[in-house]
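Visitor:
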Amino acid sequence: MTEEGKQSFADEENLDAQNPLRHLMHTGDHCVDGSANTEDDIVPEQPKSVLNSSVQLEFRSSSSGEPVSMRLALDASPGCGGVHWPAGQVLSQYLVHLGPDSLRCKKVLELGSGTGLVGLVAAQLGAAHVWITDQAPLLELMHKNVLMNDLESDVSVAELDWGTPVADGIPKPDVLLAADCVYFEPAFPLLVQTLYGLTDAETEILFCYKKRRKADRRFFTMLKKKFSWTEVSDSPERESYSKDAISLLTLHRKDVGV
């Protein structure tokens, strides 16, 4: 590598250290680091309206029962987690398809909650209690969405940084949910570590993700050391979301040690 190349690489590393999400966030026709958007961007361009806005979402069961309605505040300013992404909506719809019996009397934890959508839907469906978790900048937004949907007694908001010790107030759940958590390569081993640390052989794990980059394969290479998985086959929307490169998986923890 030339001296010029080495300096350019060092400059990129410095920028990444200052803002690890800089490659994920966009403003107008350019990324926040000034480069133009391309089809290889990790996440799509976000409209300027995704700042202090809100959306009403509704999820209907294909069988029977009342639809689950959710009002969400959106705010991309803390990071890309402040908007509702496709895999989160797919997982929310699947929970509604399964119905309240699948969550009754169960403790539920959502990783990388962002807006809190998936965990809030689980609470609406009657889970015993739900913990929605993410990094500190997103906690205020999650609290706001809990209040907007009158779920204060059913949902706890908690900070959880992947790869760090889990706070005492966060229990091992009966059901663990994760959607759109595969996007930032340096976090891949931390996500696997946290998934393993929060679960045991009895934990039900639903994992939904949208394939965006070839680098996503590295996450699953890491994941298969501690988990096996099967694709969910009973979702009525499977054919539709598969066309958008979205996969909904059930993970199975292996007993291989931490």
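Note that our numbering numbers the sequence shown so that position 178 is 178, with each residue one more than the last.
Glycine is no exception: its CB is placed at the ideal position from the N, C-alpha and C atoms.
Note that this is a predicted model, so its numbers are computed, not measured.
Could you tell me which residues DSSP puts in a beta bridge with K107?
Guide: H129
Visitor: Compute the minimum distance between the beta carbon of G163 and the heavy atoms of the ligand ZN, and state whether it is under 7 Å.
Guide: No copy of the ligand ZN appears in this structure; indeed no ligand is present at all.
Visitor: Taking the C-alpha atoms as reference points, what is the distance between D244 and V182?
Guide: 15 Å
Visitor: How big is the Cα-Cα spacing for L139 and I205?
Guide: One C-alpha to the other measures close to 23 Å.
Visitor: Can you give me the start and stop residues for the beta strand (DSSP E) that H252 sits inside?
Guide: 246-253
Visitor: From R71, S54, S69, Q93, pick the residue whose C-alpha is nearest to that of S62; which is it?
Guide: Q93
Visitor: Expressed to the nearest angstrom, what Euclidean distance is found between the alpha-carbon atoms of L125 and A158?
Guide: 20 Å
Visitor: Could you tell me the alpha carbon to alpha carbon distance between V55 and R71, rounded to whole angstroms?
Guide: 6 Å
Visitor: Does DSSP put Y196 in a helix, a strand or coil?
Guide: helix
Visitor: To the nearest angstrom, how far is it from the Cα of Y196 to the Cα of V175?
Guide: 13 Å
Visitor: Taking three-plus beta-carbon pairs below 8 Å as touching, is the stretch 108-119 in contact with the stretch 82-89?
Guide: yes
Visitor: Report yes if the C-beta distance between A178 and F207 is below 8 Å; otherwise report no.
Guide: yes
Visitor: Starting from L95, trace the beta strand (DSSP E) both ways and give me its first and last residue.
Guide: Taken as a continuous stretch (DSSP letters only), L95 belongs to no beta strand (DSSP E), being part of the alpha helix (DSSP H) at 86-98.
Visitor: To the nearest angstrom, how far is it from the Cα of E239 to the Cα of G99?
Guide: 20 Å
Visitor: Just to confirm the assignment, what range does the beta strand (DSSP E) spanning Y209 have?
Guide: Run containing Y209: 204-210, per the beta strand (DSSP E) assignment.
Visitor: What residue range is occupied by the uninterrupted beta strand (DSSP E) comprising R71?
Guide: 68-74
Visitor: Where do the N-terminal and C-terminal ends of the alpha helix (DSSP H) with S240 fall, by residue?
Guide: 238-242
Visitor: Grab me the residues of G169's own chain with a C-beta within less than 7 Å of its C-beta, minus the 5 sequence neighbours each way, in chain order.
Guide: The answer, listed in chain order, is A158.
Visitor: What residue from L249, P186, V83, A127 has the CA that sits closest to W162's CA?
Guide: Checked all of L249, P186, V83, A127; the closest Cα to W162 is P186.
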